[in-house]
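*Asks:* All residue numbers in the sequence shown are consecutive under our numbering, ending with 1494.
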Amino acid sequence: MSALERLRDELGDIVDTTAATLEAARADRSGQRSAGRPLAVVHARTADDVQRTLRIASATGTSVVVRGAGTGLAGAANAGPGQIVLSTAHMDRLLEVRADDLLAVVEPGILNARLNTLLAEHGVWWAPDPASRDISTVGGNIATGAGGLLCAKYGVVRDAVLGLDLVLADGRMLHLGHRTVKGVTGLDLTSLAIGSEGRLGVIVGATLKLRRLVEGAGCTIAASFASVREAAVASAAVTAAGVQPAIMELMDAGSLAAVHDLLDLPAPAAGTAQLTIQTDGPAARDEAERIATVLTASGGTVRMTQDPAEGERLLAIRRSMHPAMAALGTTLIEDVAVPRSAMPAMFDEIARIEREYGIRIPTVAHAGDGNLHPNFIFDGEQVPDAIWDAAGALFRAAIRLGGTLTGEHGIGTLKSRWLAEELGDDQWQLQRDIVRVFDPQGILNPGKVFADA
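(1) Going by alpha carbons, who is nearest to Ala1223 out of Leu1209, Asp1200 and Gly1242?
(2) With a threshold of 8 Å, are at least 3 pairs of Cβ atoms found where one atom belongs to the segment 1307-1323 and the other to the segment 1345-1360?
(3) Going by other Cβ atoms of all chains shown within 10 Å of its Cβ, with 16 needed for buried, is Phe1491 buried or exposed?
(4) Does the pairing of the segment 1228-1242 with the segment 1195-1211 give three or more beta-carbon distances under 8 Å?
(5) Give a yes or no on whether the C-beta atoms belonging to Val1279 and Ile1358 are separated by under 8 Å.
(6) Put Lys1194 into one of helix, strand or coil per three-state DSSP.
(7) Could you compute how far the alpha carbon of Gln1423 sits from the alpha carbon of Gln1073?
(8) Could you compute how far the alpha carbon of Gln1472 sits from the alpha carbon of Ile1183?
(9) Going by C-alpha to C-alpha distance, which of Ile1428, Ala1088, Val1478 and Glu1148 sits closest to Val1138?
(10) Under a three-way DSSP split, which group does Arg1139 fall into?
(11) Take Arg1344 as the anchor and find which of Cys1260, Pro1169 and Arg1458 has the nearest alpha-carbon.
(12) Name the one or two DSSP bridge partners that Gly1453 has.
(13) Take Ala1172 as the anchor and find which of Ile1288, Ala1298, Val1274 and Leu1135 has the nearest alpha-carbon.
(14) Just verifying my parser: in three-state terms, what is the DSSP assignment at His1363?
(15) Are the CB atoms of Lys1194 and Pro1309 within a distance shorter than 8 Å?
(16) So, under 8 Å CB-CB, Gly1121 and Asp1069 are touching, yes? Tell me the CB distance rounded to an integer number of Å.
(17) Leaving out the 5 sequence neighbours to the left and right, which residues in its chain are closer than 6 Å to Phe1388 when beta-carbon positions are compared?
(18) Taking Arg1078 as the reference, give the member of Ser1043, Ala1338 and Gly1123 with the closest Cα.
(19) If you measure between the beta carbons of Thr1178 and Gly1109, is that distance less than 8 Å?
(20) Could I get the ranges of all uninterrupted beta strand (DSSP E) runs contained in the segment 1204-1258, with 3 residues as the minimum, in chain order?
(21) Give me the Cα-Cα distance between Gly1448 and Leu1464, rounded to the nearest whole angstrom.
(22) Can you say whether Ser1128 is buried or exposed, counting buried as having 16 or more other CB atoms within 10 angstroms of its CB?
(23) Shortest alpha-carbon distance to Ala1267 belongs to which of Gly1295, Val1083 and Val1284?
(24) Does the structure place the segment 1360-1375 close enough to the segment 1299-1314 that three or more beta carbon pairs sit under 8 Å?
(25) Give me, in chain order, the residues of the same chain whose beta-carbon lies closer than 7 Å to that of Leu1159; leave out the 5 immediate sequence neighbours on both sides.
(26) Beta-carbon within less than 7 Å of Ser1382's beta-carbon, same chain only, minus the 5 sequence neighbours each way: which residues are those?
(27) For Trp1459, write down the residues that DSSP places opposite it in a beta bridge.
(28) What did DSSP end up calling Ala1494 once you bin it into helix, strand or coil?
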């Protein structure tokens, strides 16, 4: 029997071959599409469904692309002709909460925001906070190493996962990690699997590290600067002052003007950039006042509020970035990270590339951790070669400044051509060898991350 016949015979109606479903599986939020429709989408509901699917795929040599909500921005979940899409979106249960141990056990399809709504009943929360939190899955957060607005204070996904249940390409189940605060038994395969973008196995369960809900009212600051460089220098000064805000977001002039236009807000003065900062916890007010002093000394025009509604309104300006960019044209949403002290230099590089290539690159940044999101605006559906050339120049600039190709979106298909430049030949080869150990047949997400692995 063919792979499709075996899937239908063993898994029944969770095997979906409808045209609309197959077409949707060709793309994620990156704007990139595969060459054609996949073979089928398997809507797994249990770990056993995942294991049986992978046994069939292994036996027939059929490639498998794992998919959650499809909100990724690097093309890692895009499936093409002849491939099985293994969707974990319906595996969305919160299985266990241990507030006393500060851990929860979840299935991969649970949405990030919904998880925290459920956890709040127990007085705890999970810290990763991607901008897509209302629509992205925890499994997808883990598979891509997603970040978000709160990373500077509360860490990234890798800091918030204790263990994983991982199904290998041949259907075997591994239980990685631990439920304890400490645990150094053997190699840390949990951390290896986080951010592996579906190349090592399929996440079917996760043991998450939780935090107590933050006490006290937060405080929000919006500070305007005459240029993005001044704003970047000010954000570095906040970090150097030893104050730890929960959120510190930077919008350059292009992104700020676009959002104001989208939301029908008064247009900011030409060239104006903005820092939006939020403190939390019992000392929120004192920390905000210290930050305001630093920002004022750095040339900022500062306003501060403890009103939660006003704070959310100010943050909504930053959270409206993606729809604002979509209103400007087709957007290649990119992601680099540099040391925080190098942020002013990175914005200088972005301005240079804009001039050199004659394009607009509105940019926002998680200024608290040095993660920038440049947006390349162009006309049409396909990314022109000139845009890719400009993106390559930007990636190389970030690496020269001691940074990295991606802070949270992942490599996927979009950045695989530049990966070896950052890793170096020896590490690039070693990582490809590790992939082969987990998946000797090379059937899991082929062509992603390592283009010829």
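Quick reminder that beta carbons are idealized off the backbone N, C-alpha and C, glycines included.
*Replies:* The relevant details are as follows:
(1) Per the sequence shown, residue 1223 should be read as Lys rather than Ala. Nearest option by C-alpha distance: Asp1200.
(2) yes
(3) buried
(4) yes
(5) no
(6) helix
(7) 8 Å
(8) 18 Å
(9) Glu1148
(10) strand
(11) Cys1260
(12) According to DSSP, which records beta bridges pairwise, Gly1453 is partnered with nothing at all.
(13) Ile1288
(14) helix
(15) no
(16) That pair is no contact at about 13 Å.
(17) Val1269, Arg1270 and Ala1273
(18) Gly1123
(19) yes
(20) 1214-1218 and 1243-1250
(21) 14 Å
(22) buried
(23) Gly1295
(24) yes
(25) Leu1135
(26) Ala1277
(27) Bridge partners of Trp1459: none, in fact.
(28) Any answer about Ala1494 is weak, because its pLDDT of 38 lies below 50 and its placement is not dependable; what the coordinates show is given next. Ala1494 falls in the coil class under three-state DSSP.
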